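The numbering used here puts the first residue of the sequence shown at 44, with every later residue one more than the last. Written below as structure tokens is the structure these notes are about.
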Amino acid sequence: MLNHHLTGLLGLGSLSWAGHQIHVSLPINQFLNAAVDPKEIPLPHEFILNRDLLAQLYPSFSEGAILFFTLNWSKYGEFLTFRRGLDPVTGGLWLTDIIHHHLAIAILFLIASHMYRTNWGIGYNIKDIIYIYIYIYIYIYIYIYIYIYIYIYL
44 MLNHHLTGLL
54 GLGSLSWAGH
64 QIHVSLPINQ
74 FLNAAVDPKE
84 IPLPHEFILN
94 RDLLAQLYPS
104 FSEGAILFFT
114 LNWSKYGEFL
124 TFRRGLDPVT
134 GGLWLTDIIH
144 HHLAIAILFL
154 IASHMYRTNW
164 GIGYNIKDII
174 YIYIYIYIYI
184 YIYIYIYIYI
194 YIYL
């Protein structure tokens, strides 16, 4: 298998695992740390299907993905942390630090998978990736402003 396929799979796998930890493991762990009876904890699929349930634990979930696209990433500090050390309740690493690690690894692998050059000229250099990144964000900002304009004025 080609290297860019392997790094892409590692990136997507790590991103999927970070998503699972954010949307399933972290809320359940939060309830267990608060000494809630395990019988009263909602089932894992309820956290995925009901965003309001997650927003009760982590308020930034109520705003959706708009924080990501407007580069307001500091709001995600409630579940993407860099505390270091061990969790005194579980004795293991902080789950929020583990999620942050997997998300960072996913981003690095996904960028690296686009930087591999093949025999057929497929692949990018870092300059091309930065230009694509800038253009995508310009289009996203335009889309958001049009959406807000339509929502407010029409």
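For every residue, glycine included, the Cβ atom is placed at its ideal position computed from N, Cα and C. Just so it is clear, the structure is predicted and the values come from calculations on it, not from any experiment.
Residues near residue i by beta carbon distance below 8 angstroms, same chain, minus five either side
{"i": "Asn-168", "result": "Met-158"}
{"i": "His-48", "result": "Ser-156"}
{"i": "Leu-96", "result": "Pro-70, Pro-85, Glu-89, Phe-90"}
{"i": "Thr-124", "result": "Trp-137, Thr-139, Asp-140, His-143"}
{"i": "Val-132", "result": "Asn-76"}
Of the listed residues the options, nearest to residue i (C-alpha basis)
{"i": "Arg-94", "options": "His-66, Thr-113, Leu-110, Asn-115", "result": "His-66"}
{"i": "Ile-141", "options": "Tyr-190, Tyr-101, Leu-129", "result": "Leu-129"}
{"i": "Lys-170", "options": "Ile-154, His-145, Ala-78", "result": "Ile-154"}
{"i": "Gln-64", "options": "Gly-54, His-145, Glu-83", "result": "His-145"}
{"i": "Phe-112", "options": "Gly-54, Tyr-184, Ile-193", "result": "Tyr-184"}
{"i": "Ser-57", "options": "Ala-147, Tyr-180, Pro-81", "result": "Ala-147"}
Burial state of residue i (16 or more Cβ within 10 Å)
{"i": "Ile-149", "result": "Looking at the sequence provided, one finds Ala at residue 149 rather than Ile. Counting Cβ neighbours within 10 Å, Ala-149 comes out buried, since at least 16 surround it."}
{"i": "Thr-50", "result": "buried"}
{"i": "Gly-134", "result": "exposed"}
{"i": "Phe-152", "result": "buried"}
{"i": "Leu-114", "result": "exposed"}
{"i": "Ala-61", "result": "buried"}
{"i": "Phe-59", "result": "Residue 59 is actually Ser in this sequence, not Phe. Per the 10 Å Cβ criterion, exposed."}
7 angstroms Cβ shell around residue i - same chain, five flanking residues per side excluded
{"i": "Ser-103", "result": "Leu-110, Lys-118, Tyr-119, Glu-121"}
{"i": "Ser-68", "result": "Leu-138"}
{"i": "Gly-54", "result": "Ala-149, Phe-152, Leu-153, Ser-156"}
{"i": "Tyr-180", "result": "none"}
Beta-carbon proximity list for residue i, same chain, < 6 angstroms, skipping 5 on both sides
{"i": "Gln-73", "result": "Leu-100"}
{"i": "Pro-87", "result": "Val-67"}
Residue i at chain B interface by Cβ criterion, 8 angstroms
{"i": "Phe-122", "result": "Among the protein chains of the structure shown there is no chain B, as only one such chain exists."}
> What are the uninterrupted segments assigned as alpha helix (DSSP H) that are 4 or more residues long and contained completely in the region 115 to 193, given in chain order?
Replying inline: 138 to 158
> Counting Cβ pairs closer than 8 angstroms, one from the region 100 to 109 and one from the region 175 to 183, do we hit at least three?
Replying inline: no
>> If we require 4 or more residues per run, which alpha helix (DSSP H) segments fall completely within the region 44 to 93?
In response: 46 to 63, 69 to 76, 87 to 92
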